[in-house]
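Residue numbers (this note's numbering): 110 to 309.
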Amino acid sequence: MRIKMPVIFAAAAFAAALSAPVFAGENVTAIANYQQVTDSYSFPLGDFRITALSDGTVPQDLYKLLTGKSQSHTTELLDKAFLANPVEASINAFLNQSPGKNILVDTGSGDLFGPGNGGKLLDSLASVGVKADDISDILITHIHTDHTGGLVRNGQPAFRNATVHVGAPDLSFFLDSSNAKKAVYPESYFDEAAKTIDRK
């Protein structure tokens with residue numbers, strides 16, 4: 110697994126294809142008809158096949174997460190949405206396929222959230238016929254546990270053949286342990302970054 114910086118903004122390549130508006134009632138011809146499987150959804154975008162992949166879910170305690178709000182106000186908002194605390198949050202990644210390339214955007218949480226919380230990305234990839242060693246590139250949108258945790262399994266790189274693209278500001282911030290004492294992020298973010306992001 111190789112780390113490359115600065116980040117390559119692949120999203121910009123996709124944005125152009127999305128810029129042309131499609132209006133209600135306009136006839137649109139499907140480019141491809143993909144067989145859908147559990148925990149994923151595929152669609153075409155130009156020369157790419159984009160697949161949304163589930164890494165599972167993780168419970169979020171909104172009473173702690175939503176700072177500056179009273180618990181009663183948060184409960185009121187949850188009631189209006191027919192939800193209860195904690196709320197299950199989805200963890201997703203995206204597979205972008207083109208001839209000769211399998212590009213993964215983010216890697217889920219791996220095993221960093223503990224048993225039963227996330228960590229299903231490799232199974233989701235397998236469900237669409239892709240192995241970890243088939244991944245050529247990984248684009249990390251930002252260094253948080255639910256985006257970079259899946260880079261490592263049992264202390265070893267999970268995607269051995271992939272070049273990992275990470276933004277230089279994220280690398281310099283989260284891999285500098287001195288920032289842990291002065292940042293608003295929990296120190297665990299810095300510990301987990303050190304476990305999952307390797308420049309070698």
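Idealized CB from N, CA, C, for every residue including glycine. Note that the coordinates shown come from a computational prediction; the quantities given were computed from them, not determined experimentally.
Out of the options, which one is the CA nearest neighbour of residue i?
| i | options | result |
| --- | --- | --- |
| aspartate 148 | His182, Leu174, Leu204 and Glu185 | Leu204 |
| leucine 234 | Asp246, Leu213, Ser218 and Asn226 | Leu213 |
| isoleucine 247 | Asp170, Thr305 and Phe191 | Thr305 |
| aspartate 242 | Lys291, Asn270, Arg262 and Phe152 | Asn270 |
| valine 273 | Leu260, Gly217 and Gly264 | Leu260 |
| threonine 257 | Ile244, Val275, Asn263 and Lys240 | Val275 |
| leucine 187 | Ile159, Pro208 and Tyr172 | Tyr172 |
| aspartate 232 | Leu221, Phe222, Asp170 and Gly217 | Gly217 |
| leucine 280 | Thr166, Gln265 and Tyr298 | Tyr298 |
| proline 168 | Leu154, Gly155 and Leu192 | Leu192 |
| proline 266 | Lys290, Ala303 and Thr176 | Ala303 |
At the level of alpha carbons, what is the spacing between residue i and residue j?
| i | j | result |
| --- | --- | --- |
| isoleucine 252 | proline 195 | 24 Å |
| isoleucine 200 | valine 293 | 23 Å |
| phenylalanine 282 | asparagine 288 | 7 Å |
| valine 237 | histidine 182 | 42 Å |
| glutamine 206 | phenylalanine 157 | 5 Å |
| alanine 198 | aspartate 255 | 11 Å |
| threonine 160 | valine 239 | 11 Å |
| arginine 262 | glycine 225 | 15 Å |
| phenylalanine 222 | proline 278 | 25 Å |
| proline 208 | phenylalanine 152 | 16 Å |
| glycine 264 | glutamate 185 | 42 Å |
| tyrosine 150 | leucine 230 | 13 Å |
| glycine 219 | leucine 174 | 21 Å |
| alanine 166 | phenylalanine 268 | Going by the sequence as given, residue 166 is threonine instead of alanine. The straight-line gap from Cα to Cα measures roughly 21 Å. |
| lysine 291 | leucine 154 | 42 Å |
| aspartate 170 | glutamate 296 | 18 Å |
Under the three-state reduction of DSSP, which class applies to residue i: helix, strand or coil?
| i | result |
| --- | --- |
| aspartate 246 | strand |
| histidine 274 | strand |
| aspartate 326 | There is simply no residue 326 to check, as the chain begins at 110 and stops at 309 in what is shown. |
| asparagine 136 | For asparagine 136, the pLDDT reaches just 46, beneath the cut-off of 50, and the residue's location in the model is therefore unreliable, although a value from the coordinates is still provided. Asparagine 136: coil per DSSP, three-state reduction. |
| threonine 176 | coil |
| asparagine 288 | helix |
| alanine 193 | coil |
| alanine 303 | helix |
| phenylalanine 268 | coil |
| aspartate 156 | coil |
| aspartate 164 | strand |
Since residue i and residue j are thought to touch, with beta carbons under 8 Å apart, how far apart are those beta carbons, to the nearest angstrom?
| i | j | result |
| --- | --- | --- |
| aspartate 164 | glycine 228 | 7 Å |
| alanine 190 | leucine 162 | Between leucine 162 and alanine 190 the Cβ distance is about 25 Å, and since that is not below 8 Å, they are no contact. |
| lysine 210 | serine 179 | Rounded, the Cβ-Cβ distance is 49 Å, inconsistent with contact. |
| isoleucine 249 | aspartate 300 | The Cβ separation is near 17 Å, so there is no contact. |
**Message:** Quick check on the DSSP output: what are the complete beta strand (DSSP E) runs of length 3 or more inside the region 205-255, in order along the chain?
**Reply:** Here the runs fully enclosed are 210-214 and 246-248.
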